[in-house]
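Chains as they are written, first to last, in my numbering: chain A, 1 to 561; chain B, 1 to 411; chain C, 1 to 424.
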């Protein structure tokens, strides 16, 4: 064959040269067909080493390069860069690990040498089948679509909008502001109050780089990072349609409240003056805290954790806002007795406990209880409960305010389908990695921020929106091209039966089905080269460009010889 | 999960049809009527090939051809799902077609539907109680003898062991909703999900004593068909259900015992390889299998072509090398590709020229593997194939080493 | 003229995440870290909740990226000495201590450790084991290059000027005793504080018998005990050599003193229980808590799973740990008001997360204030948790307040985003 393979063994100081008989390796490898030159060198990753390799590639007119040294994690990129600079396609290269996998593991020198030779022979078998893959560059659009005009969407829009970056803010209601607009005050920032929110809303409306589309919904989104196309329908009946081109999407569709009809024992909807938290916020904001009969309440019960057991998670914000309500009630009403019923107090922010202490000092009672029954007893509301320890008790109040669990907003599953985003078992959008990538989705370029991801308070929502902006600002720079993954999958048409198994296992939405041809197609701009699809296809119609069956078989067979 | 009482609720009513002139005739008359009344534009049904004793799937519009048709032929010459997939792979049916298939063929069709190899729109699936089929090679050598035996098979439902081995132990010979569920997850779709329950119509033979047959609508579509045929599904199905349950219990027991015996016979490296000793690597089993849907089987592809040096060195290492190569690899590979959808139809064993009990072995492995994934193939159109559904709390026992997962020493 | 580069103080998770986002956008980042390795506190853990993922494996790819990214200038063993100027043109003085080992030449073979005659307490291992004067803090440290502690090293502290055992053992001539401390002058456009947290000093609370009874551990000590690369290689062996059969985990240690709930301890204590039950199935594990603070959509499920493993969660107060002749006893008041006890072989204390001990001095250098709880103050009036009162100085992670990993990462990404938008 016409290959001219250059094999270079790195001594890595004493690391490899002490534990492996490099000269014997060189002797063995020299006799392999296609290998033009086998040499050793002290430290190939050093500047001298890199220059040496580049010179060798040019001098020996190598068609393939094999380096036997340390782990690819260390220096695969280093040597690929060397190839690139020397004019050799960087994918016609293989780095064989004879340090971590041989020298550092096998104490017997004979054995280590034997294994090193095996690995190198295997690598050589493989490299001759490599294809000279080419890097691609794609133009991108830097504009962004933000779905949801609540505090998260507003914050994201403000962080992103700029001279070279337009933001489309789509809101399904008639005005932006989300849930926060209804609140009477914000704990723990009571000082700042709603003025801050109102100011942000004004900023959005006055920003010439933000186009606000109210009474609008997203109908469809197609494409990939840097190149999305979205269809927005407006006017409620969807009569007005607008097509926009954007580079990224931020989903900030917020939350809904737990359906209190599912917990009838709390009397919501049946007993008068039993309110949910949002209703109380609105009442508070209006300035008039009154019962249905027009009089102010003299005693109020605040019940936390409504729906917590049913949903299986703690909504985090209710303890604090219930304390906010309690303090507000005391502030605004001349005489009022307030009791808070809770199961566990969840006050994780550094300032939260201070409010709890303040509330206790002001005479607000905190009772740990469960098994509630809210009944109508002679015009008053009777809250029956069981304290820890088993004793049953009850109090009579004028008004009861329920803190319902925070659940995903109603359009979440529809939007998830449109954007091909996974939901987790709680129904909220599922992040890529719970720890290290809390706002990204498997679809590159689509982020989620705020309560759409799960219950959280306002500062956290703001942080997540700014985080989404951070990721977009850093990856979608106007004028800069993006380079998608090179080692992607591809489908051989003639073998594809259109069963779409590959489609169903692709986490990234990189495979689509061509109805006309009846086959599946890989979008190389989205594919991350994970190989799940390759494993799922029984006929082997789909394969990785850099991990083909012949490449893998040859390598393994050679190693097992 | 379907309990006895629930299923009782689901299928309490059907249509009892007199079969005094023979079961076949009763069924074929209904089909003739259905063509007349334009319930269907065509019917896919096995028809006896003229001047022979073999049967072929025929898509027919001409009523007169129905005279030679047989909804329950004594052999399964071609797996019905394969015939259906030839018909509808490349697009939706534009006319109304009825396909009468054995329960295993229906289940295979549903699996193929999940794999996008069959489009079920405008197809009415009609299943029929199945006592089994005769071994194809036996039947071909002496069709008269085996036709007679088949009559006995129909009479002594489940007791005559001249049927194929996998048929003799078949525990899914009637409607899916009456038959064993592996888990609550895997239940047939309820009747109130109009287009999900399968099949559309079922013809019950058990409990009719050869004098009557039962037409059972399984979903809304089935009901509409009966309406068009001017039948009112008002009759009680008790006789049929009771008989099915009775036979079911026997079959279930027989299947478990048989599988236990079979396992002992083929367990372990030596015994297992010995089973495939006579295999010619002809790949017939794969070709007739309805679940093997690939354009080109991986084991026929160039991916497995290796250099002569490789073969020589293998021969050297082992002392000898047999050709064609990698027989066991083919079977294990095919197993790993299709066993989760295997419906134990037995087409593979019929097709094997060396009479290797391949259906029995694959069925045994299928039962175990499907159980591990809590999956029953072919009874719920919506349930995704196990490899498409990743559940976080599946196979936790494999995550942490335990006695069950410690490999056994094999020498 | 606005400088586009950024100074990030602290190479823990928040600092690394922010650096990577900024580097991807093409900015030059000076990542200043006072220790000799990167990864912060997270690399001390074996597993993280709630999915019990291997902590070091999870962080390793980020660490690798930091080490190999051309836009990131990693300055280890470095501290910020002085900051002058304003947003767009800060002038920063960094004091970089000498490592005495060349980062370029050393390949991490570890041949120099054995010949060194000096052993000292290993702070990384929470004092549970010793290390040599030339050493990496733990196996798997990144960068995998040792540092010499100048106070312990015989040559550097003058006690034995001719000792060069490590230098002789090194094949790459990477040991350089002549290395000097450097003062670097940097000009940056923005500064990000990501200095992380410390834990409450449990010695301040004598009722838990920490330091007196042998087998009372802090959470961090337990993390190291549990870690596969730790002093016992993950074997649960007590200080006196035994294997614990009865373990008590006490929450909220220092909560009353600090005046806030740290938000993560209930979850990591549950993680400990989960691990203990797995490792020692016959052990009795009891968690003593006041309120269970487990927000987070998957957290309650994790708690439920652990509960089902047979771990006791006891709501109580007035907890005291007594040393009864080598055996430990937890005295507490249960929710009925009655007194009760629990006998244990091992006690793990879950202390509050506090601000770093050097927050005050760093705050002064940067010209920002501390809040009532000791953490750096943020510009909360504008609902801006990543901004400080000084333009151009931002904050992310536990330096701002106690939080878990996802929130630290999100805050780091947010801060990076803010920096990118003000310094275009």
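Ideal Cβ placement from N, Cα and C applies to all residues, glycine included. These numbers come from a predicted model, not from an experiment.
- If you look at residue 94(A), you'll find it in the beta strand (DSSP E) that goes 93-97.
- If you draw a straight line from the Cα of residue 344(C) to the Cα of residue 282(C), it comes to about 14 angstroms.
- Chain order gives the chain B residues near residue 561(A) as 313, where near means a beta carbon separation below 8 angstroms.
- Listed in chain order, the positions of the segment 335-348 of chain C with a beta carbon within less than 8 angstroms of a beta carbon of chain A are 335 and 336.
- Taken through DSSP and simplified to helix, strand or coil, residue 436(A) comes out as coil.
- For the pair residue 44(A) and residue 57(A), the CB atoms are not nearer than the 8 angstroms cut-off.
- By the neighbour-count criterion, in which 16 or more other beta carbons inside 10 Å mark a residue as buried, residue 222(A) falls on the exposed side.
- With respect to chain A, the C-beta atom of residue 99(C) has no partner C-beta closer than 8 angstroms.
- In the three-state reduction of the DSSP assignment, residue 267(C) falls in the helix class.
- Going by DSSP, residue 304(A) is part of the beta strand (DSSP E) stretching over 299-306.
- In the structure shown, residue 82(C) adopts extended strand secondary structure according to DSSP, grouped into three states.
- At the C-beta level, residue 338(B) and residue 291(B) come within 8 angstroms of one another.
- Spanning the alpha carbons of residue 225(A) and residue 145(A) requires a straight line of approximately 12 angstroms.
- The DSSP assignment places 284-289, 312-324, 327-334, 339-344, 346-351 and 353-355 as complete runs of the beta strand (DSSP E) inside the segment 280-368 of chain C, in order along the chain (cut-off: 3 residues).
- Put simply, the CB of residue 501(A) is near chain B, with a gap under 8 angstroms to one of its CB atoms.
- The count of Cβ pairs closer than 8 angstroms, one atom from the segment 164-182 of chain C and one from the segment 94-101 of chain C, reaches three, so the stretches are in contact.
- Against residue 301(C), the close residues of chain A are 312, in the order they occur along the chain (beta-carbon pairs closer than 7 angstroms).
- CA-to-CA, the gap between residue 182(C) and residue 446(A) works out to about 44 angstroms.
- For the segment 307-339 of chain B, the set of positions with a beta-carbon nearer than 8 angstroms to some beta-carbon of chain A reads 310, 313, 337 and 338 in chain order.
- Under the three-state reduction of DSSP output, residue 157(C) falls in the coil class, being neither helix nor strand.
- The beta carbons of residue 284(B) and residue 359(B) sit about 12 angstroms from each other, so the pair does not count as a contact at 8 angstroms.
- For the pair residue 56(C) and residue 405(C), the CB atoms are not nearer than the 8 angstroms cut-off.
- Between the beta-carbon of residue 469(A) and that of residue 159(A) there is about 4 angstroms, and that keeps the pair under the 8 angstroms contact cut.
- Residues of the segment 286-301 of chain B that bring their beta carbon within less than 9 angstroms of a beta carbon in chain A comprise 292, 293, 294, 295, 296, 297, 298 and 301, in sequence order.
- Ranked by Cα distance from residue 144(C), the first of 112(C), 400(C) and 160(C) is 112(C).
- Here residue 105(A) is exposed. Its C-beta has fewer than 16 other C-beta atoms within 10 Å.
- A residue is called buried when at least 16 other Cβ atoms come within 10 angstroms of its Cβ; residue 119(C) does not meet this threshold and is exposed.
- Between residue 68(A) and residue 10(A), the beta carbon gap of about 7 angstroms places them in contact (Cβ cut-off 8 angstroms).
- Pairwise C-beta distances place the segment 302-310 of chain A in contact with the segment 259-269 of chain A, as three or more of them are shorter than 8 angstroms.
- Legend: CB atoms of the segment 288-300 of chain C lying less than 8 angstroms from CB atoms of chain A belong to residues 291, 292, 293, 294, 295, 296, 297, 298, 299 and 300.
- At a cut-off of 8 angstroms, the C-beta of residue 435(A) has a neighbouring C-beta in chain C.
- By the criterion of a C-beta distance shorter than 7 angstroms, residue 221(C) is surrounded in its chain by 126 and 128, once the five residues flanking it on both sides are discounted.
- Counting the other Cβ atoms within 10 Å of the Cβ of residue 49(B) gives fewer than 16, which makes it exposed.
- The three-state secondary structure of residue 322(B), taken from DSSP, is coil.
- Taking 8 angstroms as the CB threshold, residue 473(A) lines the interface with chain C.
- Residue pairing by DSSP places residue 379(C) opposite 384(C) in a beta bridge.
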